[in-house]
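Trainee: Numbering (our numbering), first residue to last: 115 to 476. Cβ coordinates follow ideal geometry from the N, Cα and C atoms, glycine included. Quick caveat: nothing in here was measured; it's all calculated off a predicted structure.
1) According to DSSP, is residue 311 part of a helix, a strand, or is it coil?
2) For the putative contact between residue 280 and residue 357, defined by C-beta atoms under 8 Å, what is the C-beta separation to the nearest angstrom?
3) For the segment 209-222 against the segment 254-269, do three or more pairs of beta-carbon atoms, one drawn from each stretch, fall closer than 8 Å, so that the two count as touching?
4) With C-beta atoms as the reference, is residue 420 less than 7 Å away from residue 436?
5) Residues in its own chain within less than 6 Å of residue 369 by CB, not counting five upstream and five downstream?
6) Between which two residues does the beta strand (DSSP E) harbouring residue 325 extend?
7) In terms of residue numbering, what span does the alpha helix (DSSP H) encompassing residue 470 cover?
8) Quick one: is residue 282 buried, meaning 16 or more other Cβ sit within 10 Å of its Cβ, or exposed?
9) Classify residue 406: buried if its beta carbon has 16 or more other beta carbons within 10 angstroms, exposed otherwise.
10) Taking the alpha carbon of residue 313 as the point to measure from, which residue in 359, 372, 391, 415 has its own alpha carbon closest?
11) State yes or no: is the C-beta of residue 396 within less than 7 Å of the C-beta of residue 350?
12) Can you give the beta carbon distance from residue 231 to residue 319, rounded, assuming they're within the 8 Å contact cut?
13) DSSP three-state label for residue 396, please.
14) Taking just the CA atoms, how far does residue 294 sit from residue 341?
15) Would you give the residue range spanned by the alpha helix (DSSP H) that residue 234 belongs to?
16) Could you check the C-alpha separation between residue 361 and residue 403 for me, to the nearest Å?
17) Which partner residues of residue 275 appear in the DSSP bridge assignment?
18) Taking buried to mean at least 16 other C-beta atoms within 10 Å of its own C-beta, is residue 469 buried or exposed?
19) Which residues share a DSSP beta bridge with residue 372?
20) Drop a sphere of 10 angstroms on the beta-carbon of residue 196, count the other beta-carbons inside from all chains shown, and report buried for 16 or more, exposed for fewer.
21) Measuring alpha carbon to alpha carbon, tell me which of 330, 338, 277 ends up nearest residue 292.
22) With distances taken Cα to Cα, identify the nearest neighbour of residue 288 among 384, 182, 398.
23) Name the DSSP beta bridge partners of residue 269, please?
24) Beta-carbon separation of residue 452 and residue 249 under 7 Å?
25) Using C-beta distances below 8 Å, list every residue in its chain close to residue 171, excluding the 5 sequence neighbours before and after it, in chain order.
26) State the DSSP-derived secondary structure class of residue 257, mapped to helix, strand or coil.
27) Would you mind giving the Cβ-Cβ distance between residue 310 and residue 208, rounded to the nearest angstrom? I have them listed as a contact below 8 Å.
28) How many Å lie between residue 324 and residue 290 at the Cα?
29) Taking the C-alpha atoms as reference points, what is the distance between residue 297 and residue 329?
30) Could you give the distance in angstroms between the alpha-carbon of residue 334 and the alpha-carbon of residue 233?
31) By the three-class DSSP mapping on this structure, what secondary structure does residue 336 have?
32) Considering only the beta carbon of each residue, do residue 412 and residue 188 sit closer than 7 Å?
33) Given that a residue counts as buried once 16 or more other Cβ atoms are within 10 Å of its Cβ, and exposed if not, what is residue 185?
34) Just the C-alpha distance for residue 366 and residue 393, rounded to the nearest angstrom, thanks.
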């Protein structure tokens, strides 16, 4: 089983680069096949002449992720411990990271994309190559990629949240339709869908459930937002908890996590229904370390990781041989979300969105 790494999360970005040499020393000492190198590298990655030793190609993995550090940290750490592979992490919003992949095509800049709704993977399908994980037959087939272009990670219902101190249960929003009126004008916490995959999924969900065309949806919803956007998905819960926004749109797991931490908020499953689009993981086209990338994808759907996401991350497993620990007193109505439609129209919808929000706002 995976260890509990709640308080000890792996450093990322520039911090990871600064610690690269010393951590390579520790790994060298653990690998029997490279035992003789552990003596040489015990000086934190430098030889007698002071030169630095580079990691070998078969010990590297470049990971792009839209997960928060509290999610990817324990998984990356355990993967490194079990395999001896060094993981270089680049984190950001889903669309932000996919756009970076697009800009870096052909530059060997990424091995795996980890996180973000699978409809976003469909929209950027040219960035990935098919790979069927070792236990693909155990995964939920309802949203599985027929050509194995991406691999499921967890199922994530979209929910509504509200501040308990400022909004009573009787006054709380009941469904999507309310967010297209003046009732909550300027009081809705919602991240920019040009950066947040969660927000794009929410837009596509509203469009499908309320049976609105894109123009009508964006016109009404942008008016309700009153020009105000959260700086990211993580800010939605902070704003609602602090009362700077009364209500918000987020993921079930994010809401439950904040509630468990003591945030004075409540969660609502929209009465019209909602989507539970999985987030995913995919092998990058032209990955410089494809075999290590495949090992990481296999690891994300292993029993150990899937148990971890249920027990610690409030997420729903995608394995059919494991039961979700999710328990709620409220009934959730999940719609048959049109994944193909959401993926194929993402670029067009976001271009239209930019017309309503031409400048990045916080």
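Mentor: Walking through what the data contain:
1) Here residue 311 corresponds to residue number 197 of the chain shown, with the count starting at 1. Reduced to three states, the DSSP call for residue 311 is helix.
2) Position 166 of the chain shown, counted from the first residue, corresponds to residue 280. Position 243 of the chain shown, counted from the first residue, corresponds to residue 357. Correct: roughly 5 Å between the Cβ atoms.
3) no
4) Here residue 420 corresponds to residue number 306 of the chain shown, with the count starting at 1. Here residue 436 corresponds to residue number 322 of the chain shown, with the count starting at 1. Their beta carbons are under 7 Å apart, which means residue 420 touches residue 436 by this criterion.
5) The residue labelled residue 369 in the question sits at position 255 within the chain shown. Closer than 6 Å at the Cβ level, and outside the excluded window around residue 369, lie 273, 275, 381.
6) Counted from its first residue, the chain shown places residue 325 at position 211. That residue, residue 325, is in no beta strand (DSSP E); it is neither H nor E in DSSP.
7) Locating residue 470 in the chain shown gives position 356, where the first residue counts as 1. Taken as a continuous stretch (DSSP letters only), the alpha helix (DSSP H) holding residue 470 covers 460-470.
8) Counted from its first residue, the chain shown places residue 282 at position 168. Residue 282 should be labelled exposed.
9) Working through the chain shown from its first residue, we reach residue 406 at position 292. By the 10 Å Cβ count, residue 406 comes out buried.
10) Counting from one through the chain shown, the residue named residue 313 turns up at place 199. It is 391.
11) One-based indexing of the chain shown puts residue 396 at position 282. One-based indexing of the chain shown puts residue 350 at position 236. For residue 396 and residue 350, no; Cβs fall outside 7 Å.
12) Walking along the chain shown from the start, residue 231 turns up at place 117. Walking along the chain shown from the start, residue 319 turns up at place 205. Their Cβ separation, rounded to whole angstroms, is 10 Å, which puts residue 231 and residue 319 out of contact at 8 Å.
13) Here residue 396 refers to the residue found at position 282 of the chain shown. In this structure, residue 396 counts as strand in the three-state DSSP scheme.
14) On the chain shown, residue 341 is found 227 positions in, with the first residue counted as 1. On the chain shown, residue 294 is found 180 positions in, with the first residue counted as 1. The alpha-carbon atoms of residue 341 and residue 294 are separated by roughly 14 Å.
15) Residue numbering aside, residue 234 sits at position 120 when the chain shown is read from its first letter. Here the alpha helix (DSSP H) through residue 234 covers 232-237.
16) Within the chain shown, residue 361 is the residue found at index 247, counting from 1. Within the chain shown, residue 403 is the residue found at index 289, counting from 1. Computed Cα separation, rounded: 43 Å.
17) Position 161 of the chain shown, counting from 1, holds the residue named residue 275. For residue 275, which the question treats as bridged, DSSP gives the partners 362, 381.
18) The count along the chain shown starts at 1 and reaches residue 469 at position 355. Counting Cβ neighbours within 10 Å, residue 469 comes out exposed, since fewer than 16 surround it.
19) In the chain shown, residue 372 corresponds to position 258, counting from 1. Beta-bridge pairing links residue 372 to no other residue.
20) On the chain shown, position 82 is the one that residue 196 refers to. Exposed is the call here.
21) To locate residue 292, count along the chain shown from 1; it is residue 178. Looking at the Cα atoms, 338 is the closest of the given residues.
22) By one-based count along the chain shown, residue 288 stands at place 174. The residue with the shortest Cα to Cα distance from residue 288 is 384.
23) One-based indexing of the chain shown puts residue 269 at position 155. 392, 430, per the DSSP bridge assignment.
24) In the chain shown, residue 452 corresponds to position 338, counting from 1. In the chain shown, residue 249 corresponds to position 135, counting from 1. Going by C-beta atoms, residue 452 is not nearer than 7 Å to residue 249.
25) As a working note, residue 171 is residue 57 in the chain shown. 402, 403, listed in sequence order.
26) Sequence index remark: in the chain shown, residue 257 carries index 143 (1-based). In the structure shown, residue 257 sits in coil (DSSP, three-state: anything other than H, G, I, E or B).
27) Within the chain shown, the letter at position 196 stands for residue 310. Within the chain shown, the letter at position 94 stands for residue 208. About 6 Å separates the two Cβ atoms, so the contact holds.
28) Counting from one through the chain shown, the residue named residue 324 turns up at place 210. Counting from one through the chain shown, the residue named residue 290 turns up at place 176. Going from the Cα of residue 324 to the Cα of residue 290 covers about 8 Å.
29) Here residue 297 corresponds to residue number 183 of the chain shown, with the count starting at 1. Here residue 329 corresponds to residue number 215 of the chain shown, with the count starting at 1. Using only the alpha carbons, I get a separation of about 20 Å.
30) By one-based count along the chain shown, residue 334 stands at place 220. By one-based count along the chain shown, residue 233 stands at place 119. So the two alpha carbons sit approximately 23 Å from each other.
31) Sequence index remark: in the chain shown, residue 336 carries index 222 (1-based). Correct three-state label for residue 336: helix.
32) One-based indexing of the chain shown puts residue 412 at position 298. One-based indexing of the chain shown puts residue 188 at position 74. Cβ distance not < 7 Å, so residue 412 and residue 188 don't count as in contact.
33) If you number the chain shown from 1, residue 185 lands on position 71. When all chains shown are included, residue 185 counts as buried.
34) Residue 366 sits at position 252 when you count from the first residue of the chain shown. Residue 393 sits at position 279 when you count from the first residue of the chain shown. Distance between the alpha carbons of residue 366 and residue 393 is about 13 Å.
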